[in-house]
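Here's the structure, in structure tokens; my notes come after.
In our numbering, the protein residues as written are -7 to 439.
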């Protein structure tokens, strides 16, 4: 038995309150090493004939190239539990595994105080709770500028013809707007869509709108607030939820706040709203973007990074978040570049928005391992980029051993997170940040 491969940690994704007083307990072992695992469990304050009143066999839920993961669901009567694992390998070796590690399987060790793992009290408030409606939602992501042109009077100057044969560029405008979305509500409903995920719709100078100039206004090329209100009402009438995209990591260089910093330098009332390294913040003579005098998203000088630890910035952004909930009854926030913002901001964000609507869904954009944001006090879920990466770069390209890599990737993902979080993730093949498979893999020209 490979003892070094055995792993469990209480009060984590390996032991957590799922729902209805049910607890999920997991353990990791070396692949193919263990034949069976029994969980001995009971109440830590019932000292009768035996410490552990119940035993339940665990089930192998995933098997990757290195590890197997096992799980069992148990009920707890008094919101507390102590437990110990009994492992038997394929050669007949049998051990106990608990808070003190691996020990000989004996009655003495089974009943020894301190050998078992303990969850002293399971608080419902600490559980990862997700709104019930989320797991059954079929989301349709809309990049508003390229979805449909419903009001040509709003077209930006230089708008290209919708049916133009030119290859679109990142700075082209085609005139998509909110009315175009409203006009296609029946189409979306016929597809079975139950959730509209809108890329940014706030005032901005670009077609993608990720460089916000005013968070309290609808971009004037998309429409106005009354048009947006109609969109939300139409969606809700059809049983669809509406999710907006919040870009709080950075703001646009044409925003009032940043223009004030450019104009007034160190005397600006907004200088502490940003991560400024030196003044002036001009980019006129800049040769290398690595030498920018302020922090930005990536190296995009038109997207200065906001200092979300600044109380003024935090209060401003939280007002933005609650405004669109209170005034327009949106159902969800998708949080752009969420991993680059401090955790305290997101904890306060969660409290603020759920105070306005306890049934609101919070989705974070995190491209890497995302456990730190999914502990029940920040996001409900994240976008499943590990899945899209697996599909796009392994399965669709049909690389050698892609199936093995795919299985391993999915096993790792499923073992790292609580089930309540996993079932509420957005699972996609591509998004606005990724290439479209039809183009990436040259399917457009295939028969």
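Note that CB positions come from ideal geometry on N, CA and C, so glycine has one too. Values in this document were obtained by computation on a predicted structure and should not be read as measured data.
Mind reading off the beta-carbon distance from residue 26 to residue 60? Whole number of angstroms is fine, and I expect it under 8 Å.
7 Å
So, with DSSP's three-state summary, where would you put residue 171?
helix
Inspect the CB distances between the segment 139 to 147 and the segment 114 to 131 and report whether three or more fall short of 8 Å.
no
With a threshold of 8 Å, are at least 3 pairs of Cβ atoms found where one atom belongs to the segment 333 to 346 and the other to the segment 298 to 306?
Yes, they touch.
Can you tell me where the alpha helix (DSSP H) holding residue 315 begins and where it ends?
303 to 320
Inspect the beta-carbon positions of residue 13 and residue 69 and report whether they are closer than 9 Å.
yes
Counting Cβ pairs closer than 8 Å, one from the segment 174 to 183 and one from the segment 222 to 236, do we hit at least three?
yes
Answer yes if the segment 263 to 274 comes into contact with the segment 343 to 355, meaning at least three C-beta pairs across the two stretches below 8 Å, and no otherwise.
no
How would you call residue 137, buried or exposed, if buried means at least 16 neighbouring beta carbons within 10 angstroms?
Around the beta carbon of residue 137, a 10 Å sphere encloses 16 or more other beta carbons of the protein chains shown; the residue is thus reported as buried.
Alpha carbon to alpha carbon, how far is residue 316 from residue 285?
When rounded, the distance between both Cα atoms is 33 Å.
Residue 55 bridges to which residues according to DSSP?
The secondary-structure analysis by DSSP pairs residue 55 across a beta bridge with 60.
Please state whether DSSP places residue 9 in a helix, a strand or coil.
strand
If you count every other CB in all the chains shown that lies within 10 Å of the CB of residue 238, and 16 or more means buried, which is it?
buried
Helix, strand or coil, according to DSSP, for residue 352 in the structure here?
coil
With H, G and I counted as helix, E and B as strand and the rest as coil, what does DSSP make of residue 133?
Secondary structure of residue 133 (DSSP, three-state): strand.
Would you call the segment 43 to 53 and the segment 81 to 93 in contact, with 3 or more CB pairs under 8 Å?
no
Taking only three categories from DSSP, how would you classify residue 152?
coil
Could you give the DSSP three-state label for residue 74: helix, strand or coil?
strand
Could you check if residue 6 is buried or exposed, using at least 16 other CB atoms within 10 Å of its CB as the buried criterion?
buried
Suppose you measure from the CA of residue 256 to the CA of residue 273; what does that come to, to the nearest Å?
10 Å
Just reading off the beta strand (DSSP E) that residue 48 is part of, what are its end residues?
46 to 49
Taking C-beta to C-beta, are residue 360 and residue 289 nearer than 9 Å?
no
With DSSP run on the structure shown, which of helix, strand or coil describes residue 238?
DSSP places residue 238 in strand when its eight states are reduced to three.
Go to residue 220, then tell me how far its alpha helix (DSSP H) extends in each direction, as first and last residue.
217 to 229 is the span of the alpha helix (DSSP H), which, as asked, contains residue 220.
In the DSSP assignment, find the alpha helix (DSSP H) that holds residue 250 and state where it starts and stops.
248 to 256
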